[in-house]
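**Student:** There's a structure below that I have some questions on.
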């Protein structure tokens, strides 16, 4: 089974480097919309029969061009939403951002009960809700289908570190996932492997702006 995990396109909160995790979240910028359109060229030939998005509008807007291309209605699942920033919501200072990304990355180092200040979720909660959507995507797919899950930078990094055997905490701590970057995984619910980590925007240089990828793309320092 192959799944494609795509981070949403650029938003104004990414440009401001803000921890924007609450519903509904910021809309895509002009560049973000261009990044979303570019997904049709890069992913449009995949055998996609289902697309899943989070309840935050930026994932739905990112998925829209691909959904039109495939003539699909994206399935909204709260389990794909970004890791809550809790009391750090909309903060953009370095200390807050590092607290956020260190906590998310640290779960797979064994700190499963750690919580971002003010958040109701620990690592077990976050990974399990993403797991549930992955299971649904698998169950809905026919042989040869490749579901696409459009989600968020921090949760994709945290989930792949937790569930994929060939990458770990050090990798996700120091490798970003830019807006409309993608991770391709293969395997089953018992054993996942990352076969491709596309750090930069799908579509190439015209759609890249690493300086405004947002806090969820920051490395652990």
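In the numbering used here, the protein residues as written are 267 to 487. Heads up, the beta-carbon is just placed ideally off N, CA and C, and yes, glycines get one too. These numbers were taken from a predicted model, which means no experiment stands behind them.
Taking CB distances under 8 Å as the criterion, tell me whether residue 337 reaches chain D.
**Tutor:** Judged by its chain identifiers, the structure shown contains no chain D, having just a single protein chain.
**Student:** For residue 378, which residues in the same chain have their Cβ closer than 8 Å to its Cβ, ignoring the five residues on either side in sequence?
**Tutor:** For residue 378, where only same-chain residues beyond five positions count, the Cβ hits under 8 Å are 388, 389, 390.
**Student:** By how many angstroms is the C-alpha of residue 303 removed from the C-alpha of residue 474?
**Tutor:** Straight-line measurement puts the Cα of residue 303 at about 13 Å from the Cα of residue 474.
**Student:** Hey, quick one: how far does the alpha helix (DSSP H) through residue 401 stretch, first residue to last?
**Tutor:** 389–406
**Student:** Do the stretch 270–281 and the stretch 437–453 touch if we need at least three Cβ pairs shorter than 8 Å?
**Tutor:** yes
**Student:** Between 442, 358, 326, which lies nearest to residue 284 when the distance is taken from Cα to Cα?
**Tutor:** 358
**Student:** CA-CA distance, residue 336 and residue 470?
**Tutor:** 22 Å
**Student:** Tell me where the beta strand (DSSP E) around residue 440 begins and ends.
**Tutor:** From DSSP, residue 440 is part of no beta strand (DSSP E) but of the alpha helix (DSSP H) over 435–440.
**Student:** Can you tell me which of the three DSSP states residue 332 falls into?
**Tutor:** helix
**Student:** Buried or exposed for residue 347, going by 16 or more other Cβ atoms inside 10 Å?
**Tutor:** buried
**Student:** Between 435, 279, 456, which lies nearest to residue 291 when the distance is taken from Cα to Cα?
**Tutor:** Comparing Cα-Cα distances from residue 291 to each of 435, 279, 456, the minimum goes to 279.
**Student:** What number of angstroms, rounded off, separates the C-alpha of residue 458 from the C-alpha of residue 433?
**Tutor:** Their backbone Cα atoms lie some 10 Å apart in a straight line.
**Student:** Who does residue 273 pair with in a DSSP beta bridge?
**Tutor:** 417
**Student:** Return the residue from the list 296, 414, 324, 395 that minimises the CA-CA distance to residue 489.
**Tutor:** As shown, the chain starts at 267 and ends at 487. That puts residue 489 outside it, with no answer to give.
**Student:** Is it buried or exposed, residue 480, if we count other Cβ atoms within 10 angstroms and call 16 or more buried?
**Tutor:** buried
**Student:** At which residue ranges does the stretch 288–334 contain complete beta strand (DSSP E) runs of 3 or more residues, listed in the order of the chain?
**Tutor:** 317–319
**Student:** Three or more C-beta pairs closer than 8 Å, one from the stretch 428–442 and one from the stretch 360–378: is that the case here?
**Tutor:** yes
**Student:** Looking at the unbroken beta strand (DSSP E) that takes in residue 368, where does it start and where does it end?
**Tutor:** Per DSSP, residue 368 belongs to no beta strand (DSSP E); it is in the alpha helix (DSSP H), 360–372.
**Student:** Would you check whether the ligand GTP has a heavy atom nearer than 7 Å to the C-beta of residue 364?
**Tutor:** In terms of ligand content, the structure shown is empty, and the ligand GTP therefore cannot be addressed.
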